[in-house]
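Going by our numbering, the sequence shown opens with residue 21, and the numbers climb by one from there.
Taking it in order: structure first as structure tokens, then the write-up.
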Amino acid sequence: MISLNEGSDDVMIFSCDQRTQMIGPEIRVCQRNGTWTGGTTHCIGDILHKEGSMILRGHNEYRQSLLNFLKPVQALDTKWKLCYRASKDGWSAFSFHGACGNRESTVTIVKVGQYIFGGYSDTKFGVPVHEYHNRYNYQTKGRNCHRSSKAFIFSLKNKDSLPPFQSRPFQNYGYAICADASKGVQFSNDIKISDFAGSNTGSSSSFGYTYRPPSGYDYDEAKTKGLLAGSASFTPDEIEVFFEQ
21 MISLNEGSDD VMIFSCDQRT QMIGPEIRVC QRNGTWTGGT THCIGDILHK EGSMILRGHN
81 EYRQSLLNFL KPVQALDTKW KLCYRASKDG WSAFSFHGAC GNRESTVTIV KVGQYIFGGY
141 SDTKFGVPVH EYHNRYNYQT KGRNCHRSSK AFIFSLKNKD SLPPFQSRPF QNYGYAICAD
201 ASKGVQFSND IKISDFAGSN TGSSSSFGYT YRPPSGYDYD EAKTKGLLAG SASFTPDEIE
261 VFFEQ
């Protein structure tokens, strides 16, 4: 988590929590043209954290299904390390991007009520570029999406009680993984986590936009949109992201 320490109206002084590393300048100064010196400052979080998944605790069958999905895409001696947990690291999109945006090979697990789903990416989500235009506001350079040959999304517990399954891109391949400073984890439009997702219904699923839905489910149908999280729009109870080490 990044903190803004005491400074002045024209100076920002940043610090990071213990066990995290600051990327970017510690001090930024407001210039006469209304922009801030330096680039974006963020913290790369908790890279030595050894916790397992809280979402999958007590669900050994789901854990084993996920590990089976990951076997074809991971190294033989892989260890999955936590880089982000929303309830611990904060629900802001910026917290997620700072902790995991530059990690290659990540798996995201989302819990909404009784439903558990997520996705795997072999491509960095990326840390979106912020351009500061005055001392109070910032804007981004928009949504950056990437093609991924190995990415997939998965469901471990879903609305229609289908057995655990994974889904790979079958169209709109260039949108497999997306980074947007105003959003958290994004697997195309199929899974989109909103900013401060734990306190709003801005997260959504348009399953079938890029990733192939199960047989009998078509893109833009209500039952397809609600399959992963119970409804097309949802509020996560927890989000965890692990990276391959």
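Glycine is no exception: its CB is placed at the ideal position from the N, C-alpha and C atoms.
With respect to GLY139, ALA171 sits close: the two C-beta atoms are nearer than 8 Å. When beta bridges are read from the DSSP output, ARG48 appears opposite MET32. Taking all protein chains in view, the Cβ of ASN178 is crowded by 16 or more other Cβ atoms within 10 Å, so the residue is classified as buried. Here the C-alpha atom of ARG52 lies approximately 19 Å from the C-alpha atom of PRO45.
Counted as a single uninterrupted DSSP element, the beta strand (DSSP E) harbouring HIS166 occupies residues 164–166.
If one requires a minimum length of 4 residues, the alpha helix (DSSP H) runs lying completely within the stretch 216–265 are 242–245, in chain order. PHE216 sits away from TRP100, with the two beta carbons spaced by 8 Å or more. LEU247 places its beta carbon less than 8 Å from that of TYR237.
Here DSSP, grouped into helix, strand and coil, assigns PRO92 to helix. Taken through DSSP and simplified to helix, strand or coil, GLY72 comes out as coil. Under the Cβ criterion (8 Å, minimum of three pairs), the stretch 179–192 does not count as touching the stretch 108–118. Beyond the five residues adjoining it in sequence on each side, ASN209 comes within less than 6 Å, by CB distance, of SER226 and TYR229 in the same chain, given in chain order.
When C-alpha distances from PRO184 are compared across ILE211, ASP109, LYS144 and PRO233, the shortest belongs to PRO233. The C-beta of SER169 has fewer than 16 other C-beta atoms within 10 Å across all chains shown, which makes the residue exposed. Secondary structure of SER115 (DSSP, three-state): helix.
If you ignore the 5 residues before and after SER251, its C-beta comes within less than 6 Å of no other C-beta in its own chain. Relative to the Cα of GLY204, the nearest Cα in the group GLY54, PHE89, ARG83 and GLU258 belongs to GLU258.
A Cβ-Cβ distance of about 7 Å is found for the pair SER223 and SER253, placing them in contact under the 8 Å criterion. The three-state reading of DSSP puts LEU87 in helix, counting H, G and I together. Contact check for ILE129 against ILE75 passes: the beta carbons are separated by less than 8 Å.
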